[in-house]
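A.B. asks: In our numbering, the protein residues as written are 138 to 668.
Positions of the beta carbon are idealized from the N, C-alpha and C atoms, including for glycine.
None of the values given here were measured: they were computed from a predicted structure.
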Amino acid sequence: MADTASAPAQPVRAAEVAAALCLATDLGMGFPWAHGLEATAATMRLCDVAGVDGAVRRQAYYLSLLAYAGCAADATVKAGIFGGPITESIVDVIWGSRREQRGVMLRSLPDPGASVPVVVGQTVARLPRAAAYEPREYLALCEVAQHLTRHLGLGGVAEDLHHLTDRWDGTGVLGRGRGEEIPTALRLTLVARDAAHHAAAGGSAHAAAVVAERAGRAHDPRFAGLLARHHQDVLGGPRDDGVTWEDVLAAEPGEPVEIPADQVDDAVAALGEVADVVGPAWAGRSRQVAALAGGAAELVGMDAAAVQEVRRAALLQDVGRISVPARTWLARRPLTAEEREQVRLHPYYTERVCAASPFLAALARDAVCHHERLDGSGYHRGLPAVALGAPARILAAADAMRSAVEDPPHGWGLPPAAAVHALARDVADGRLDADAVAGVVEAAGQEPPPLPRPAGLTERESRVVGLVARGLATKQVARTLGISPKTADQHLQHAYRKIGVSSRAAVALFAADHGLLAWGELLIPGRRTAP
Numbered sequence: 138m139a140d141t142a143s144a145p146a147q148p149v150r151a152a153e154v155a156a157a158l159c160l161a162t163d164l165g166m167g168f169p170w171a172h173g174l175e176a177t178a179a180t181m182r183l184c185d186v187a188g189v190d191g192a193v194r195r196q197a198y199y200l201s202l203l204a205y206a207g208c209a210a211d212a213t214v215k216a217g218i219f220g221g222p223i224t225e226s227i228v229d230v231i232w233g234s235r236r237e238q239r240g241v242m243l244r245s246l247p248d249p250g251a252s253v254p255v256v257v258g259q260t261v262a263r264l265p266r267a268a269a270y271e272p273r274e275y276l277a278l279c280e281v282a283q284h285l286t287r288h289l290g291l292g293g294v295a296e297d298l299h300h301l302t303d304r305w306d307g308t309g310v311l312g313r314g315r316g317e318e319i320p321t322a323l324r325l326t327l328v329a330r331d332a333a334h335h336a337a338a339g340g341s342a343h344a345a346a347v348v349a350e351r352a353g354r355a356h357d358p359r360f361a362g363l364l365a366r367h368h369q370d371v372l373g374g375p376r377d378d379g380v381t382w383e384d385v386l387a388a389e390p391g392e393p394v395e396i397p398a399d400q401v402d403d404a405v406a407a408l409g410e411v412a413d414v415v416g417p418a419w420a421g422r423s424r425q426v427a428a429l430a431g432g433a434a435e436l437v438g439m440d441a442a443a444v445q446e447v448r449r450a451a452l453l454q455d456v457g458r459i460s461v462p463a464r465t466w467l468a469r470r471p472l473t474a475e476e477r478e479q480v481r482l483h484p485y486y487t488e489r490v491c492a493a494s495p496f497l498a499a500l501a502r503d504a505v506c507h508h509e510r511l512d513g514s515g516y517h518r519g520l521p522a523v524a525l526g527a528p529a530r531i532l533a534a535a536d537a538m539r540s541a542v543e544d545p546p547h548g549w550g551l552p553p554a555a556a557v558h559a560l561a562r563d564v565a566d567g568r569l570d571a572d573a574v575a576g577v578v579e580a581a582g583q584e585p586p587p588l589p590r591p592a593g594l595t596e597r598e599s600r601v602v603g604l605v606a607r608g609l610a611t612k613q614v615a616r617t618l619g620i621s622p623k624t625a626d627q628h629l630q631h632a633y634r635k636i637g638v639s640s641r642a643a644v645a646l647f648a649a650d651h652g653l654l655a656w657g658e659l660l661i662p663g664r665r666t667a668p
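1) Specify whether the segment 407 to 415 and the segment 451 to 460 touch according to this definition: at least 3 beta carbon pairs, one from each stretch, less than 8 Å apart.
2) In whole angstroms, what separates the C-alpha of Val283 from that of Ala606?
3) Give me, in chain order, the residues of the same chain whose beta-carbon lies closer than 6 Å to that of Val394; leave out the 5 immediate sequence neighbours on both sides.
4) For Glu395, which residues does DSSP report across the bridge?
5) Within 10 angstroms of the Cβ of Thr473, are there 16 or more other Cβ atoms? Answer buried if so, exposed if not.
6) Would Val577 and Ala534 be called neighbours here (beta carbons separated by less than 8 Å)?
7) Within 10 angstroms of its Cβ, does Val255 collect 16 or more other Cβ (buried), or is it exposed?
8) Using the beta-carbon count (16 or more within 10 Å), is Asp377 buried or exposed?
9) What residue range is occupied by the uninterrupted alpha helix (DSSP H) comprising Ala361?
10) Quick check: Ala406 and Ile531, are their CB atoms within less than 8 Å of each other?
11) Could you give the uninterrupted runs of the alpha helix (DSSP H) lying entirely in the segment 192 to 223, keeping only those of 4 residues or more?
12) Measuring alpha carbon to alpha carbon, tell me which residue in Gln196, Ala171 and Val328 is nearest His367.
13) Taking DSSP as the reference, what is the three-state secondary structure of Asp306?
14) Using only the alpha-carbon positions, how far apart do Ser640 and Leu520 sit?
15) Where does the unbroken alpha helix (DSSP H) through Glu446 begin, and where does it stop?
16) Checking 8 Å against the spacing of the C-beta atoms, do Thr162 and Ser201 come in under that value?
17) Taking the CB atoms as reference points, tell me whether Asp650 and Gly567 lie closer together than 8 Å.
18) Taking the CB atoms as reference points, tell me whether Val574 and Ala561 lie closer together than 8 Å.
19) Roughly how many angstroms separate the alpha carbons of Gln238 and Thr381, rounded to a whole number?
20) Assuming Leu618 is part of the alpha helix (DSSP H), what are its boundary residues?
21) How many angstroms separate the CA atom of Pro320 from the CA atom of Gly191?
22) Mind checking who Ala352 pairs with in its DSSP beta bridge?
23) Which of the three DSSP states is assigned to Tyr633 in this structure?
24) Going by DSSP in three states, Trp466 sits in which element: helix, strand or coil?
25) Give every residue of the same chain whose Cβ lies closer than 6 Å to the Cβ of Lys612, excluding the five residues on either side of it in the sequence, and list them in chain order.
26) In the structure shown, what three-state DSSP assignment does Thr286 receive?
27) Would DSSP call Ala262 helix, strand or coil?
28) From Ala451 to Ala277, what does the alpha carbon distance come to, in whole angstroms?
29) If you measure between the beta carbons of Met181 and Ala388, is that distance less than 8 Å?
30) Please classify Thr308 as buried or exposed, where buried requires at least 16 neighbouring CB atoms within 10 angstroms.
31) Consult DSSP for His651 and reduce its assignment to one of helix, strand or coil.
32) In whole angstroms, give me the CA-to-CA distance for Cys208 and Leu158.
33) Just reading off the alpha helix (DSSP H) that Ser245 is part of, what are its end residues?
34) Check the C-beta distance from Ala179 over to Leu372 and give it rounded, since I have them as a contact under 8 Å.
35) Whose C-beta lies closer than 7 Å to the C-beta of Arg489 among residues of the same chain, with five residues either side of it excluded?
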């Protein structure tokens, strides 16, 4: 475990977290990778053409990054109403006419590939729920986007998102404003984002035609007209390399906004919560896993900085879950091979969302390991025990504990005591780390069960092996464990015989292979055995 206690606190840019959140919502919307970053660059270029002041530019920058932050709020509801994918299709017409919107919704009601009689039956059966869908779920989209934006310390941006669904002509679903009642920065942003979406599909000229047709209806006619006239300047031609992360961060107007130190945890939590809202069963999940992981990290004796990193990594660990369709998560049947692969890859997408931010990437190194197992049977990389450090082991145990008590189809639906025994079986099978499980179980307020050790080692012998493998002399081992040197040596000799080795080098290899090396110096309070 790296010593982070003396590492100076680094400032965290709000733009970094907002841009990562933008990448996550691209996954949830089914957009091409980094589409939201491209749209934000277009928003800034439209600001240039419109000649707006610095305050509007800054507001539009963050509004563009965070416009779809609430995209997962209605995922479960949509999965229960629509048989086909609707998110990508509805974006085509979300600023179009009501007739266009209803057409997309009707076409999305039946299951793809269904026969004509089935299509008719499913459409008739699902239509009443679809009719009641819009106001309730559009409200959720706005409120979730506002909630997550406030976590980044951007309260003013969150206030503008109140009008996210409003239209220039006042026919927005929620009817909160019309015309110039809608904030200027948001009016500009919505034109640019709508145009960027259509440009990706049909080029800048096509986007200009779509936006021009919507001027005075959905969009502010001034900004729509400017985009139509200057579409090549705003949207550009085909770019082989696209807009980079660095381009978007450099485009932030004015001085970079930094997240105050006491709000960084909330900002990281915003990334986890974007996936938590996919389904009611996951409400608060990322914070609950973080509480278990952080509590376990404290119990095993990590310093305050390391505990904080474990907790933040736990908040991040399931961001990539948004890449998997809600219908897959809700399935109460065996998943197809394609669906299983989607599920297995969600840690990969967590890594991709966080990769460009130095702050988030450091946390993601452990966050993406929460489904890895010591015997190499986990995913997405199938890492062996020697590659999994203390934080990764804690995250795996914390996630397993939370999954064990979650209701199906997401979890096992076990009472807490049964969940403890299920985790103990994973320890016995060599999948989860014994000390990590003990810490998580204790953090959950449960009594840690007796946990088996490799090669029949006792609890104390396993600790001696871990310390010796780290290079401690027998006297140092004794001092660390609070026992006599003679007793420490006896434990070591017993361990040699059980393992079948006679050298410290071989012991070190055994400790690495069996998950003892990373934990040798970490003692769980209340679990000390008599010498």
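C.D. replies: Put simply:
1) The segment 407 to 415 is in contact with the segment 451 to 460.
2) Per the sequence presented here, residue 283 reads as Gln, with Val not at that position. Approximately 51 Å between the Cα atoms of the pair.
3) Ala151
4) Arg150
5) exposed
6) Contact flag set, yes.
7) exposed
8) Model confidence at Asp377 stands at a pLDDT of 49, short of 50, so the residue's coordinates are unreliable; what they give is reported in the following sentence. Classification of Asp377: exposed, given that the 10 Å Cβ count is below 16.
9) Pro358 to Arg366
10) no
11) 212 to 218
12) Val328
13) DSSP places Asp306 in coil when its eight states are reduced to three.
14) 27 Å
15) Ala441 to Leu453
16) no
17) no
18) yes
19) 33 Å
20) Here the alpha helix (DSSP H) through Leu618 covers Thr611 to Leu618.
21) 15 Å
22) His356
23) helix
24) helix
25) Pro622
26) Of the three classes helix, strand and coil, the one that applies to Thr286 here is helix, per DSSP.
27) DSSP places Ala262 in the helix class (H, G or I) of the three-state scheme.
28) If you draw a straight line from the Cα of Ala451 to the Cα of Ala277, it is about 25 Å long.
29) yes
30) exposed
31) coil
32) 11 Å
33) Arg235 to Ser245
34) Approximately 6 Å separates the beta-carbon atoms of Ala179 and Leu372; this is inside 8 Å, confirming the contact.
35) Answer for Arg489: no residue qualifies.
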